[in-house]
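Student:
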Amino acid sequence: MKYRKATFKDIEAIYQLVADYAEEGVMLARSRNTLYETLRDMIVAEDEDGTIAGVGGLHIIWDRLAEVRTLAVAPQKTRQGIGAQIVKRLIAEGEQLGVEKVFTLTYKPGFFQTLGFETITKEELPHKVWKECIDCPKFPNCDEIAMVKV
Numbered sequence: 001m002k003y004r005k006a007t008f009k010d011i012e013a014i015y016q017l018v019a020d021y022a023e024e025g026v027m028l029a030r031s032r033n034t035l036y037e038t039l040r041d042m043i044v045a046e047d048e049d050g051t052i053a054g055v056g057g058l059h060i061i062w063d064r065l066a067e068v069r070t071l072a073v074a075p076q077k078t079r080q081g082i083g084a085q086i087v088k089r090l091i092a093e094g095e096q097l098g099v100e101k102v103f104t105l106t107y108k109p110g111f112f113q114t115l116g117f118e119t120i121t122k123e124e125l126p127h128k129v130w131k132e133c134i135d136c137p138k139f140p141n142c143d144e145i146a147m148v149k150v
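Laid out in structure tokens, this is it:
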């Protein structure tokens with residue numbers, strides 16, 4: 001598996017991967033526009049055939065605070081450590097920038113617990129985190145679980 005920064009040519013594959021999970025209700029949808037705007041945030045896992053097997057992004061929110069988001073692994077590639085590798089690489093990238101706290105909003109808390117994340121209340125996150133929530137179809141009834149790794 002090859003891990004690299006996402007490029008423009010990856011957008012459609014990322015969009016479809018995220019859309020499939022969003023349809024199942026286990027991930028929030030991302031528009032193509034959002035994917036283009038956050039392209040520099042993302043890392044992809046590419047298999048030996050050049051197919052995108054996974055994606056994840058590290059979005060800088062505020063002073064030394066970042067969010068792991070848009071994390072998805074192709075269903076046929078799950079349980080192979082791809083998601084964990086993406087998260088570890090995103091955290092390492094954040095550390096190079098000086099990020100001290102990484103959080104996520106997830107429907108899969110067990111996965112993030114294995115990577116050292118702890119469940120917190122959403123109220124423990126700074127208000128700056130919620131600026132994009134207004135565009136979410138679940139706003140204001142967010143049912144994602146907030147987790148943090150310090």
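full-length UniProt numbering puts the sequence shown at residues 1 to 150. Every residue, glycine too, gets a C-beta built ideally from N, C-alpha and C.
Going by beta-carbon coordinates alone, are G56 and T38 separated by less than 7 Å?
Tutor: no
Student: Looking at the structure shown, is E23 part of a helix, part of a strand, or coil, going by DSSP?
Tutor: helix
Student: What does the alpha-carbon distance come out to for the pair A22 and G98?
Tutor: So the two alpha carbons sit approximately 32 Å from each other.
Student: Would D143 be called buried (16 or more neighbouring beta carbons within 10 Å of its own) or exposed?
Tutor: exposed
Student: Helix, strand or coil for A92? Go by DSSP, reduced to three states.
Tutor: Correct three-state label for A92: helix.
Student: If we count the other Cβ atoms within 10 Å of its Cβ and call it buried at 16 or more, is D41 buried or exposed?
Tutor: buried
Student: For A6, count neighbouring Cβ atoms within 10 angstroms of its own Cβ and tell me buried if that reaches 16, exposed if not.
Tutor: buried
Student: Please tell me whether V68 and L35 are closer than 7 Å, where the distance is taken between their beta carbons.
Tutor: no
Student: Is K88 closer than 7 Å to G116 when the C-beta atoms are compared?
Tutor: Result no, Cβ atoms of G116 and K88 do not sit closer than 7 Å.
Student: Give the straight-line distance between the Cα atoms of S31 and K108, rounded to the nearest whole angstrom.
Tutor: 21 Å
Student: Take the Cβ of I120 as the centre, count every other Cβ of all protein chains shown within 10 Å, and call the residue buried at 16 or more, exposed below.
Tutor: Counting Cβ neighbours within 10 Å, I120 comes out exposed, since fewer than 16 surround it.
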